[in-house]
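Read through the structure below, which is laid out as structure tokens, and then see the notes.
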Amino acid sequence: MAKVLILYDSQTGNTERMAKAVAEGARSVLGVDVELKYYAGPDELAEAAAIVFGAPTYHHEITLPLKQILEEAAKAGVKLEGKIGAVFGSYGWSGEAPEKVLEILKNRFGMKVIEPPIKVLYEPKQAQLEECQKLGKRVAQEAVGK
Ligand SMILES: Cc1cc2nc3c(=O)[nH]c(=O)nc-3n(C[C@H](O)[C@H](O)[C@H](O)COP(=O)(O)O)c2cc1C
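Per the working numbering, numbering of the sequence shown is gapless, rising by one per residue and ending at 143.
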């Protein structure tokens, strides 16, 4: 089974709601094993066919837990080339984190990324959650097709 890993951080629940919608969309596709969590080590990343990050923006930055995942993967030399990558995240005014994560997935790890990332101002509305579901479905379909 193709594994879709959804890794997110969320301090007030906005990115978490998006993450759950992405997972729901991914689970609608047969033949995928979807995992939704805060952390995964390099070995788990290496096993996944697709990795989706939920990155809220704090202080114009990617938050520490997500940076840690990326740094550990880089240090371990984990090979993510050609895997599917996507990013989403809630923000308040500047919203840099999703693009920063996507840039790392694409240029540091050579992943095949879905652009642009989904960015939501504060709380996601129903239409935006549906967009997240669609993203999850697309990621899962591409993961199964690999
Ligand atoms: C201490 C603090 C710093 C923040 N810094 C930024 C920022 O630099 N840029 C931005 O767009 N939003 C910023 N925000 C707003 C958050 O990104 C926004 O509240 C978002 O919905 C949080 O997502 P979460 O509920 O998934 O944690 C900040 C919020 C807090 C509380």
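Here a beta-carbon is modelled for each residue, glycine too, at the ideal position from N, C-alpha and C.
Residue i CB to nearest heavy atom of ligand 1 below 7 Å
i, result
"Tyr35", "no"
"Glu128", "no"
"Glu96", "no"
"Asn104", "no"
"Pro62", "no"
"Pro53", "yes"
"Gln8", "yes"
"Gly144", "With the chain covering only -2 through 143, there is no way to say anything about residue 144."
"Ser25", "no"
"Gly89", "yes"
Endpoints, the beta strand (DSSP E) within which residue i is located
i, result
"Gly82", "81 to 88"
"Ile66", "Unbroken run through Ile66 is the alpha helix (DSSP H), 61 to 73; no beta strand (DSSP E)."
"Leu102", "Segment: none, Leu102 is in no beta strand (DSSP E) and carries neither H nor E."
"Lys116", "115 to 118"
Limits of the unbroken alpha helix (DSSP H) element including residue i
i, result
"Gly22", "11 to 24"
"Leu126", "123 to 142"
Supposed close pair residue i, residue j - CB separation, criterion 8 Å
i, j, result
"Thr54", "Tyr88", "4 Å"
"Ala47", "Val75", "Wrong, their Cβ atoms sit about 15 Å apart, outside the cutoff."
"Ser7", "His57", "Their Cβ separation, rounded to whole angstroms, is 17 Å, which puts Ser7 and His57 out of contact at 8 Å."
For residue i, the residue or residues it bridges with in DSSP
i, result
"Leu2", "Glu32, Ile48"
"Lys76", "None, per the DSSP bridge assignment."
"Glu58", "Tyr55"
Beta-carbon spacing of residue i, residue j below 8 Å
i, j, result
"Lys79", "Gly107", "Checking the displayed sequence, the identity of residue 79 turns out to be Gly instead of Lys. Yes, these two residues count as a Cβ contact at 8 Å."
"Glu69", "Pro39", "yes"
"Gly133", "Gly28", "no"
"Ala16", "Leu33", "yes"
"Ile3", "Tyr36", "no"
"Pro95", "Lys122", "no"
"Phe50", "Leu63", "yes"
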